[in-house]
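Chemist:
Protein chains: 2
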Amino acid sequence: MALIVQKFGGTSVANPEKIRNVARRVMKKAAAGNKMVVVLSAMAGETNRFVDLATQMQKIPDLREMDVLLSSGEQVTVALFAMAVKNEGQDAISLLGDQVKVTTDRMHAKARIMEIDGDLINHHLDQGRIVVVAGFQGVTEDGDITTLGRGGSDTTAVALAAALQADQCEIFTDVDGVYTTDPNICVKARKIDRISYDEMLELASLGAKVLDIRSVGLAKRFKVPVHVRSSFTETEGTWVVEEDNTMESMLVSGVAYNKNEATITVSRVPDTPGIASKLFTPVSDAGIVVDMIIQNTRAGDLTDMTFTVPRADYERAMKIVNEVAAEIKAESVKGSQDIAKVSIVGVGMRNHSGIATTMFNVLAREGINIHMISTSEIKVSCVIAEKYTELAVRALHDAFEMDKDNLPVEEK
Amino acid sequence: MALIVQKFGGTSVANPEKIRNVARRVMKKAAAGNKMVVVLSAMAGETNRFVDLATQMQKIPDLREMDVLLSSGEQVTVALFAMAVKNEGQDAISLLGDQVKVTTDRMHAKARIMEIDGDLINHHLDQGRIVVVAGFQGVTEDGDITTLGRGGSDTTAVALAAALQADQCEIFTDVDGVYTTDPNICVKARKIDRISYDEMLELASLGAKVLDIRSVGLAKRFKVPVHVRSSFTETEGTWVVEEDNTMESMLVSGVAYNKNEATITVSRVPDTPGIASKLFTPVSDAGIVVDMIIQNTRAGDLTDMTFTVPRADYERAMKIVNEVAAEIKAESVKGSQDIAKVSIVGVGMRNHSGIATTMFNVLAREGINIHMISTSEIKVSCVIAEKYTELAVRALHDAFEMDKDNLPVEEK
Numbered sequence: 030m031a032l033i034v035q036k037f038g039g040t041s042v043a044n045p046e047k048i049r050n051v052a053r054r055v056m057k058k059a060a061a062g063n064k065m066v067v068v069l070s071a072m073a074g075e076t077n078r079f080v081d082l083a084t085q086m087q088k089i090p091d092l093r094e095m096d097v098l099l100s101s102g103e104q105v106t107v108a109l110f111a112m113a114v115k116n117e118g119q120d121a122i123s124l125l126g127d128q129v130k131v132t133t134d135r136m137h138a139k140a141r142i143m144e145i146d147g148d149l150i151n152h153h154l155d156q157g158r159i160v161v162v163a164g165f166q167g168v169t170e171d172g173d174i175t176t177l178g179r180g181g182s183d184t185t186a187v188a189l190a191a192a193l194q195a196d197q198c199e200i201f202t203d204v205d206g207v208y209t210t211d212p213n214i215c216v217k218a219r220k221i222d223r224i225s226y227d228e229m230l231e232l233a234s235l236g237a238k239v240l241d242i243r244s245v246g247l248a249k250r251f252k253v254p255v256h257v258r259s260s261f262t263e264t265e266g267t268w269v270v271e272e273d274n275t276m277e278s279m280l281v282s283g284v285a286y287n288k289n290e291a292t293i294t295v296s297r298v299p300d301t302p303g304i305a306s307k308l309f310t311p312v313s314d315a316g317i318v319v320d321m322i323i324q325n326t327r328a329g330d331l332t333d334m335t336f337t338v339p340r341a342d343y344e345r346a347m348k349i350v351n352e353v354a355a356e357i358k359a360e361s362v363k364g365s366q367d368i369a370k371v372s373i374v375g376v377g378m379r380n381h382s383g384i385a386t387t388m389f390n391v392l393a394r395e396g397i398n399i400h401m402i403s404t405s406e407i408k409v410s411c412v413i414a415e416k417y418t419e420l421a422v423r424a425l426h427d428a429f430e431m432d433k434d435n436l437p438v439e440e441k
Numbered sequence: 030m031a032l033i034v035q036k037f038g039g040t041s042v043a044n045p046e047k048i049r050n051v052a053r054r055v056m057k058k059a060a061a062g063n064k065m066v067v068v069l070s071a072m073a074g075e076t077n078r079f080v081d082l083a084t085q086m087q088k089i090p091d092l093r094e095m096d097v098l099l100s101s102g103e104q105v106t107v108a109l110f111a112m113a114v115k116n117e118g119q120d121a122i123s124l125l126g127d128q129v130k131v132t133t134d135r136m137h138a139k140a141r142i143m144e145i146d147g148d149l150i151n152h153h154l155d156q157g158r159i160v161v162v163a164g165f166q167g168v169t170e171d172g173d174i175t176t177l178g179r180g181g182s183d184t185t186a187v188a189l190a191a192a193l194q195a196d197q198c199e200i201f202t203d204v205d206g207v208y209t210t211d212p213n214i215c216v217k218a219r220k221i222d223r224i225s226y227d228e229m230l231e232l233a234s235l236g237a238k239v240l241d242i243r244s245v246g247l248a249k250r251f252k253v254p255v256h257v258r259s260s261f262t263e264t265e266g267t268w269v270v271e272e273d274n275t276m277e278s279m280l281v282s283g284v285a286y287n288k289n290e291a292t293i294t295v296s297r298v299p300d301t302p303g304i305a306s307k308l309f310t311p312v313s314d315a316g317i318v319v320d321m322i323i324q325n326t327r328a329g330d331l332t333d334m335t336f337t338v339p340r341a342d343y344e345r346a347m348k349i350v351n352e353v354a355a356e357i358k359a360e361s362v363k364g365s366q367d368i369a370k371v372s373i374v375g376v377g378m379r380n381h382s383g384i385a386t387t388m389f390n391v392l393a394r395e396g397i398n399i400h401m402i403s404t405s406e407i408k409v410s411c412v413i414a415e416k417y418t419e420l421a422v423r424a425l426h427d428a429f430e431m432d433k434d435n436l437p438v439e440e441k
């Protein structure tokens, strides 16, 4: 008998019919002798409705009250789900974040889980009940409701799986797993059977939005095997697990791309200590997240700084940077929103040299100019002109033969 | 500086615009130096939406889960309300039933409040905040969410006023107070300025649905002055308060009617000990609430029993009664759904004789036959044919001169 945590997102519970289908799926697994904990999001569309109501009340809605408002969404789905299970004769009980005691810090709208109490859930599981937990929500030590931010229900599921020492954590979504790249732009994209936590972290942060990055970090920390799969089929999805030998046999596991960034270049900055701090402190104070930063030394104690910011923050960032540039007597500030970041990710890179070079060669062969390069142990990212994104992704996917299956350990 | 509890129902907070209006009204009172606690219901229509969703999930929705579902409605309104207040620069905080600690028994869907903790509310009031409390909901000692049933937000407001020793409790509704009778059928109906708890209890139970009967009982027990008034005007409404001399000067305070009952008569029942118990136990076991019971002795150890049941339960009740009648060898069972109960209520009756007789005379003069009579210290009720309801109400209103204002004490 296994203890399984299953998470279903908003589209999987968008209406009574879908909730009933999901309930039946969970009940089948329970009937097979497993202890089942289900984590649910709000019905698709509800969050937008709440945001719309809130902005009608207050220009910038109060974060504490926004959390009270938003958390009512999951409250609705868990109650309906428990009813659906009971209607078919099995026992179930719904629990909210504060009832489970998903204790978080006080950062409303993006709270972090500090502790989860598994006692109440275990008690109900022992009584033979399917336990239905409201995802995305927690409670501070003072009893205030918090929410965990985007992808919060994934985090709830993985954190619960860790706290309950569950055998597996299944994340049901509207895609059937993690792909080597976006199937919409590369027909050869292949579903990955197994991927390491580290690779998934890079892919998630690079824009493959299947699984929230925080939940991957959490899964890695507590060694929770996560199974990402489709809520509409019975097909196996992708297992996100600890790194093993089979993974290393692949040079590159996936190609990710991100079109939501913009670059800003500050030219001929005096290359003196503290200059980077002067430039980036006001940007970060404005809540703008800087991703890549490249600094090239020029002759004569001058340097060029290029960095990327979310495209949505581009105008604000340019305004701030122009002010600082004048202050530090930089020659010019230029920016571009027509860029994309293309990245290859794979734990295999650790043991193979020349992978970055291959990437550069592939892009060069296609006539794609590289504006910025950034590398990590298991990733190489290049900033290119946005219009070449699809071409680059397909060329890299081909070059690294990602359409071919993982080699099994035995054949190695 | 007074501490005031104000309750607004679902129609008063039906949309963002209305919530904003109510918020402004409360803020004005707060700006005048009062400590304000606001109790809100769910937005009008939400409860129906939830009931509809629930019945799609489970034929008879589980009561515990129904409470989880329903209580999310007030959660939405209190959050939006707090935002509306904050948007105009005053401070506010929303609190749910479990956060306040509105502790109830475990009777889901109709829980009774056992205890209210005023500490958290007082803390926030002392910080100068408007405290916005979700009505209708409570929490068991085990942490399960409960709801208080129909009119539950009124009960929350009065219970909070009692717990906080508030100076007043204002119930805002879509009518501007308690009337001597239904203005829709009697143009001379007059708004009552002050009415005693006991009279209000009789009027509420007789169908004047302005104020939930449980909240009146609670207000009486804790001597909470309740002000029932319109949320759409600034006019004074009706104060429900302890009985005083001015009230006794009125013979009758109001005429109520109820068209939702039916009568059942069991004829020629053997008049032996235990016969009433035999008849009514199965009816009450079926959850059917019997209101009036009349027993007339006949000659020869036989008796006739007549009683009223809610019209919605009439068919079920007839079935049960027919079975029992056969068993106890009663001669016949007859019933009627075309009846109405008309009642006059007034604490003045305590000190005046002949009021019941006047009522019978008035009805006789109009040619209205009385089927059943039931009296209490401050009430006389007659069951008549339904078609005469409006005629009876108008005739009684005229006869007891209810269109004339309460006599002030000085003129007595």
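Residue numbers (our numbering), protein chains in the order written: chain A, 30 to 441; chain B, 30 to 441. Cβ atoms here follow ideal geometry from the backbone N, Cα and C, with glycine treated the same way.
Since Thr310(B) is in the beta strand (DSSP E), which residue starts that stretch and which ends it?
Modeler: Counting along the chain, Thr310(B) falls outside any beta strand (DSSP E), though it belongs to the alpha helix (DSSP H) covering Ile304 to Asp314.
Chemist: For Met276(B), which residues of its own chain have a beta-carbon under 6 Å away from its beta-carbon, when the five flanking residues on both sides are left out?
Modeler: Excluding residues within five positions, the ones whose Cβ falls inside 6 Å are Ser225 and Val376.
Chemist: Tell me the residue span of the alpha helix (DSSP H) that contains Ala424(A).
Modeler: From DSSP, the alpha helix (DSSP H) with Ala424(A) extends over Thr418 to Ala428.
Chemist: Enumerated in chain order, which unbroken segments of the beta strand (DSSP E) with a length of 3 residues or greater are wholly contained in the region 351-400 of chain B?
Modeler: Fully enclosed beta strand (DSSP E) runs of 3 or longer: 361-365 and 368-374.
Chemist: Quick check on Met431(A): does DSSP put it in helix, strand or coil?
Modeler: If DSSP states are grouped into helix, strand and coil, Met431(A) belongs with coil.
Chemist: Thinking C-alpha only, which one of Ala218(A), Lys252(A) and Lys47(A) is nearest Asp203(A)?
Modeler: Minimum Cα distance to Asp203(A) is reached at Lys47(A).
Chemist: Using CA coordinates, which residue listed in Gln119(B), Thr40(B), Glu103(B) and Ile214(B) is at the minimum distance from Ala444(B)?
Modeler: This structure leaves residue 444(B) out entirely; chain B is present only between 30 and 441.
Chemist: When burial is assigned at 16 or more other CB atoms within 10 Å of the CB, is Ser405(B) buried or exposed?
Modeler: So Ser405(B) ends up on the exposed side.
Chemist: Taking only the alpha-carbon atoms, compute the straight-line gap between Leu240(A) and Lys249(A) and give it to the nearest angstrom.
Modeler: Computed Cα separation, rounded: 13 Å.
Chemist: Excluding five sequence neighbours on each side, which residues of the same chain lie with their C-beta closer than 7 Å to the C-beta of Ala140(B)?
Modeler: Excluding positions up to five away in sequence, the list reads Thr133, Asp134, Gly167, Thr175, Thr176 and Leu177.
Chemist: Using a Cβ-Cβ distance under 7 Å, would Pro45(A) count as near chain B?
Modeler: For Pro45(A), the answer is yes, since a Cβ of chain B falls inside 7 Å of its Cβ.
Chemist: Excluding five sequence neighbours on each side, which residues of the same chain lie with their C-beta closer than 8 Å to the C-beta of Arg258(A)?
Modeler: Only Glu199, Ile200, Phe201, Thr202, Asp205, Gly206, Thr264, Glu265, Gly266 and Thr267 meet the Cβ criterion.
Chemist: Glu94(A) versus chain B: which residues are under 7 Å apart at the beta carbon?
Modeler: Correct list: Ala108, Ala111, Met112 and Ser123.
Chemist: Please decide whether Lys433(A) counts as near chain B, where near means a Cβ-Cβ distance under 7 Å.
Modeler: No, its Cβ sits nowhere closer than 7 Å to a Cβ of chain B.
Chemist: Of all the CB atoms in chain B, is at least one closer than 7 Å to the CB of Val105(A)?
Modeler: Yes, Val105(A) counts as interfacial toward chain B.
Chemist: At the level of alpha carbons, what is the spacing between Ala421(B) and Ile413(B)?
Modeler: In a straight line, the C-alpha of Ala421(B) is about 9 Å away from that of Ile413(B).
Chemist: In whole angstroms, give me the CA-to-CA distance for Phe79(A) and Leu99(A).
Modeler: Phe79(A) and Leu99(A): Cα-Cα distance of roughly 7 Å.
Chemist: Can you name the residues of chain A whose CB is closer than 8 Å to the CB of Pro90(B)?
Modeler: Chain A residues near Pro90(B): Met112.
Chemist: Any contact between the region 52-71 of chain B and the region 95-109 of chain B? By contact I mean 3 or more CB pairs, one from each, below 8 Å.
Modeler: Verdict: yes, contact present.
Chemist: How would you label Asp183(B), buried or exposed, when you count the other beta carbons within 10 angstroms and need 16 or more for buried?
Modeler: That one is buried.
Chemist: Please list, in chain order, all residues of the same chain as Phe261(A) whose beta carbon is under 6 Å from its beta carbon, the five residues on each side excluded.
Modeler: None.
Chemist: Is it buried or exposed for Gly172(A), if we count other Cβ within 10 angstroms and need 16 for buried?
Modeler: It is exposed - the Cβ of Gly172(A) has fewer than 16 other Cβ atoms within 10 Å.
Chemist: Would you say Ala186(B) and Lys36(B) are within 7 Å of each other, going by their C-beta atoms?
Modeler: Cβ distance < 7 Å, so Ala186(B) and Lys36(B) count as in contact.
Chemist: So, does the region 349-360 of chain B touch the region 390-404 of chain B, judging by three or more C-beta pairs under 8 Å?
Modeler: No, they do not touch.
Chemist: With a threshold of 6 Å on Cβ separation, who are the neighbours of Ser410(B) within its own chain once the five nearest residues in sequence on each side are excluded?
Modeler: Result list for Ser410(B): Lys370, Ser372 and Ser403, in chain order.
Chemist: Tell me whether Met143(A) is buried or exposed, calling it buried when 16 or more other Cβ atoms sit within 10 Å of its Cβ.
Modeler: Per the 10 Å Cβ criterion, exposed.
Chemist: Which runs of the beta strand (DSSP E), 3 residues or longer, sit entirely within the region 39-122 of chain B?
Modeler: If we require 3 residues or more, the beta strand (DSSP E) runs fully inside the region 39-122 of chain B come out as 64-69.
Chemist: Please list the residues of the region 48-63 of chain A that have a C-beta atom closer than 8 Å to any C-beta atom in chain B, keeping them in chain order.
Modeler: Under the 8 Å Cβ criterion, the region 48-63 of chain A contributes Ile48 and Arg49.
Chemist: Taking the C-alpha atoms as reference points, what is the distance between Val131(B) and Gly74(A)?
Modeler: Straight-line Cα distance between these residues: approximately 32 Å.
Chemist: To the nearest whole angstrom, what separates the beta carbons of Ile159(B) and Ala191(B), a pair I think is in contact under 8 Å?
Modeler: Their Cβ separation, rounded to whole angstroms, is 20 Å, which puts Ile159(B) and Ala191(B) out of contact at 8 Å.
Chemist: Starting from Leu82(B), find everything on chain A with Cβ-Cβ shorter than 7 Å and list it in chain order.
Modeler: Residues of chain A passing the Cβ test: Pro45 and Leu109.
Chemist: At a CB distance below 7 Å, what residues from the region 284-296 of chain B approach chain A? Give them in sequence order.
Modeler: Those would be none; no residue qualifies.
Chemist: Can Val374(A) and Glu228(A) be called in contact, C-beta distance under 7 Å?
Modeler: Contact flag set, yes.
Chemist: Whose Cβ in chain B lies nearer than 7 Å to the Cβ of Val207(A)?
Modeler: What Val207(A) touches in chain B: nothing, since even the nearest Cβ is about 32 Å away.
Chemist: What does DSSP give as the partner residue(s) for Arg223(B) in the beta ladder?
Modeler: In DSSP, Arg223(B) forms a bridge with Trp268(B).
Chemist: Got a sec: is the Cβ-Cβ distance from Val101(B) to anything in chain A below 7 Å?
Modeler: The sequence given here has Ser at residue 101(B), not Val. Yes, Ser101(B) counts as interfacial toward chain A.
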